[in-house]
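Peer 1: Dropping a structure here in structure tokens format, bear with me for questions.
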Amino acid sequence: MAEDAPRRQPTLAEVAELAGVSRSVASRALNDAPHVSRAKREAVARAVRQLGYVPNPTARALATRHTGAAALVVSGEDPSIFADPFFAQVIVGASTALEEADLHLTLCLAASDRGRKRVEELFRSKGADGVMLMALREDDPLAGVAEEAEMPVVFGGRPVGSAPRWYVDVDNVGGAREATEYLVSRGRTRVAAICGRLDTEAGRARYRGYRDALLAAGLDPLPPQEGDFTEPSGAAAMAGLLAHHPDVDGVFAANDNMAAGALRTLRAAGRAVPADIAVVGFDDLTVAQVADPPLTTVHQPITALGREMARMLVTVINGHDPTPLILPTRLVTRSSA
Numbered sequence: 001m002a003e004d005a006p007r008r009q010p011t012l013a014e015v016a017e018l019a020g021v022s023r024s025v026a027s028r029a030l031n032d033a034p035h036v037s038r039a040k041r042e043a044v045a046r047a048v049r050q051l052g053y054v055p056n057p058t059a060r061a062l063a064t065r066h067t068g069a070a071a072l073v074v075s076g077e078d079p080s081i082f083a084d085p086f087f088a089q090v091i092v093g094a095s096t097a098l099e100e101a102d103l104h105l106t107l108c109l110a111a112s113d114r115g116r117k118r119v120e121e122l123f124r125s126k127g128a129d130g131v132m133l134m135a136l137r138e139d140d141p142l143a144g145v146a147e148e149a150e151m152p153v154v155f156g157g158r159p160v161g162s163a164p165r166w167y168v169d170v171d172n173v174g175g176a177r178e179a180t181e182y183l184v185s186r187g188r189t190r191v192a193a194i195c196g197r198l199d200t201e202a203g204r205a206r207y208r209g210y211r212d213a214l215l216a217a218g219l220d221p222l223p224p225q226e227g228d229f230t231e232p233s234g235a236a237a238m239a240g241l242l243a244h245h246p247d248v249d250g251v252f253a254a255n256d257n258m259a260a261g262a263l264r265t266l267r268a269a270g271r272a273v274p275a276d277i278a279v280v281g282f283d284d285l286t287v288a289q290v291a292d293p294p295l296t297t298v299h300q301p302i303t304a305l306g307r308e309m310a311r312m313l314v315t316v317i318n319g320h321d322p323t324p325l326i327l328p329t330r331l332v333t334r335s336s337a
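Structure (structure tokens):
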């Protein structure tokens, strides 16, 4: 009589499937890592008993290196940047997705030399299972640090002049083009752009979309009035436009904060919106709805941007190689144009 074939050992993937959790969650539960809920630990324990799973010692040693945390790193100069409605929505989306994967979210701001050194140490020490990196400017040293890091890094928005392996972005060119085309369709022929910082990919891409739309319509683009995505910079840029181009009849602002600043300057100058000058923004933040008049703007899915960044990072942490993702935009028409 033939001997029975050796019984195949169950795998960690089978444990995870039976427990109804991801493979990374099952691994952390088995290794008593932090940030795993009690319910999921118990589900994994039941699956282990039911399957007769015996952890591989080598795999266990590797698994214990996980920290159970993911970092959102923003490269900027203003410590209040996390209070900006844009980044607040990104954080909501990212934290929701990471919670589903039982990963803790850590926020880091590279706002000074000391801050950047702390972020560099995070990369070197592998103080997180992965990093989401946002708001990089041209020649930002963190881009090089991220390239050399021995941990997964997902970029929120492409860095200037490069296409990293993993990133999530929005259709900046297409959204700006649609905004400018709308202004032209409303009979505006002297359309100006208040740009974001031109040492960022978002600032450059949105100006490119504006310029493409005007050239396609046979109109001359005006030189960009550069702001820094804040309301005061939009107000100052609008003042510059009125001084140098008093015949301007339409303005595309590269975000809603700057558009709100432009509206403030126009109101102070006695210019009616949209009768004299039509204004379109970008983002569709709450400020667009409460502006006077309410702001026509390009809606970008900000919460989804944070969520998809986190989901992509979790996918990479789990050993997969996702493709970059570009999220769509759409125009929301209100009273300012």
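If you use the UniProt record's numbering, the sequence shown corresponds to residues 1 to 337, in order.
The C-beta atom is built at its ideal place from N, Cα and C for all residues, glycine as well.
For residue 228, which residues in the same chain have their Cβ closer than 6 Å to its Cβ, ignoring the five residues on either side in sequence?
Peer 2: Correct list, in chain order: 197.
Peer 1: Quick one: is residue 140 buried, meaning 16 or more other Cβ sit within 10 Å of its Cβ, or exposed?
Peer 2: Burial call: buried.
Peer 1: Go ahead and pull the three-state DSSP assignment for residue 58.
Peer 2: Confidence is the limiting factor: at residue 58 the pLDDT is only 48, short of 50, which leaves the residue's position unreliable, though a coordinate-based value still follows. Here residue 58 sits in helix by DSSP.
Peer 1: Which residue's Cα is closest to the Cα of residue 191: 240, 249, 242?
Peer 2: The shortest C-alpha separation from residue 191 is found at 249.
Peer 1: Cβ atoms of residue 297 and residue 281: under 9 Å apart, would you say?
Peer 2: Contact: yes.
Peer 1: Taking the straight line between their C-alpha atoms, what separation do you get for residue 58 and residue 303?
Peer 2: Only weak support exists for where residue 58 lies, its pLDDT of 48 falling under 50; the value from the coordinates is given anyway. Rounded to whole angstroms, residue 58 to residue 303 spans 39 Å at the Cα level.
Peer 1: Would the region 87-96 and the region 109-128 be scored as touching if the rule is three or more Cβ pairs under 8 Å?
Peer 2: Contact between the region 87-96 and the region 109-128 is absent, because fewer than three Cβ pairs lie under 8 Å.
Peer 1: Buried or exposed, going by whether 16 or more other CB atoms sit within 10 Å of the CB of residue 161?
Peer 2: By the 10 Å Cβ count, residue 161 comes out exposed.
Peer 1: State buried or exposed for residue 103, treating a residue as buried only when at least 16 other CB atoms are found within 10 Å of its CB.
Peer 2: Buried.
Peer 1: Please tell me whether residue 138 and residue 199 are closer than 9 Å, where the distance is taken between their beta carbons.
Peer 2: Yes, these two residues count as a Cβ contact at 9 Å.
Peer 1: Check the C-beta distance from residue 47 over to residue 72 and give it rounded, since I have them as a contact under 8 Å.
Peer 2: 32 Å between Cβ atoms; not a contact.
Peer 1: State yes or no: is the C-beta of residue 168 within less than 9 Å of the C-beta of residue 151?
Peer 2: No, the pair does not count as a contact, with Cβ atoms beyond the cut-off.
Peer 1: Mind checking who residue 250 pairs with in its DSSP beta bridge?
Peer 2: Residue 250 pairs with 191, 278.
Peer 1: Tell me the DSSP bridge mates of residue 298?
Peer 2: Answer is 282, 331, bridged to residue 298.
Peer 1: So, at 7 Å on beta carbons, what are the nonlocal neighbours of residue 211 in its own chain, with the 5 sequence-adjacent residues on each side left out?
Peer 2: The answer, listed in chain order, is 221.
Peer 1: Which of helix, strand or coil does DSSP assign to residue 87?
Peer 2: Residue state, collapsed to three classes: helix.
Peer 1: Go through its chain and collect everything with a Cβ distance to residue 36's Cβ below 7 Å, but skip five positions before and after it.
Peer 2: Only 25, 28, 29, 102 meet the Cβ criterion.
Peer 1: Quick one: grab the DSSP three-state call for residue 94.
Peer 2: Three-state result, residue 94: helix.
Peer 1: Count the other C-beta atoms from every protein chain shown that fall within 10 angstroms of the C-beta of residue 329, then say buried if there are 16 or more, exposed otherwise.
Peer 2: By the 10 Å Cβ count, residue 329 comes out buried.
Peer 1: My understanding is that residue 310 touches residue 98, with C-beta atoms under 8 Å, so please give their C-beta distance in whole angstroms.
Peer 2: Indeed, because the Cβ distance is near 5 Å, the residues count as touching under 8 Å.
Peer 1: Within 10 angstroms of the Cβ of residue 163, are there 16 or more other Cβ atoms? Answer buried if so, exposed if not.
Peer 2: Residue 163 should be labelled exposed.
Peer 1: Just to confirm, is the Cβ distance from residue 292 to residue 263 under 9 Å?
Peer 2: Their beta carbons are under 9 Å apart, which means residue 292 touches residue 263 by this criterion.
Peer 1: In whole angstroms, give me the CA-to-CA distance for residue 22 and residue 107.
Peer 2: Using only the alpha carbons, I get a separation of about 24 Å.
Peer 1: Could you name the residues that DSSP lists as bridge partners for residue 132?
Peer 2: According to DSSP, which records beta bridges pairwise, residue 132 is partnered with 72, 154.
Peer 1: Closest by CA to residue 134, which one among 305, 68, 258?
Peer 2: It is 305 whose Cα lies nearest to the Cα of residue 134.
Peer 1: State yes or no: is the C-beta of residue 267 within less than 9 Å of the C-beta of residue 96?
Peer 2: Their beta carbons are not under 9 Å apart, which means residue 267 does not touch residue 96 by this criterion.
Peer 1: Hey, residue 337 and residue 274 are a contact pair by Cβ (cut 8 Å); roughly how many whole angstroms apart?
Peer 2: Residue 337 to residue 274, Cβ: 5 Å. Contact.
Peer 1: To the nearest angstrom, how far is it from the Cα of residue 189 to the Cα of residue 277?
Peer 2: So the two alpha carbons sit approximately 11 Å from each other.
Peer 1: Residue 265 to residue 238, Cα distance in whole Å?
Peer 2: Taking the straight line joining both Cα atoms gives about 6 Å.
Peer 1: Would you mind reading off the limits of the alpha helix (DSSP H) that contains residue 256?
Peer 2: Residues 256-268.
Peer 1: Tell me whether residue 244 is buried or exposed, calling it buried when 16 or more other Cβ atoms sit within 10 Å of its Cβ.
Peer 2: Answer is exposed; the Cβ neighbour count stays below 16.
Peer 1: Between 117, 67, 256, 272, which has its C-alpha nearest residue 32's C-alpha?
Peer 2: The residue with the shortest Cα to Cα distance from residue 32 is 67.
Peer 1: What is the rounded straight-line gap between the Cα of residue 288 and the Cα of residue 258?
Peer 2: Going by the C-alpha atoms only, they are around 11 Å apart.
Peer 1: Classify residue 256: buried if its beta carbon has 16 or more other beta carbons within 10 angstroms, exposed otherwise.
Peer 2: So residue 256 counts as buried.
Peer 1: Which residue or residues does DSSP assign as beta-bridge partners of residue 106?
Peer 2: For residue 106, which the question treats as bridged, DSSP gives the partners 71.
Peer 1: Grab the span of the beta strand (DSSP E) containing residue 168 for me, first residue to last.
Peer 2: 167-170 is the span of the beta strand (DSSP E), which, as asked, contains residue 168.
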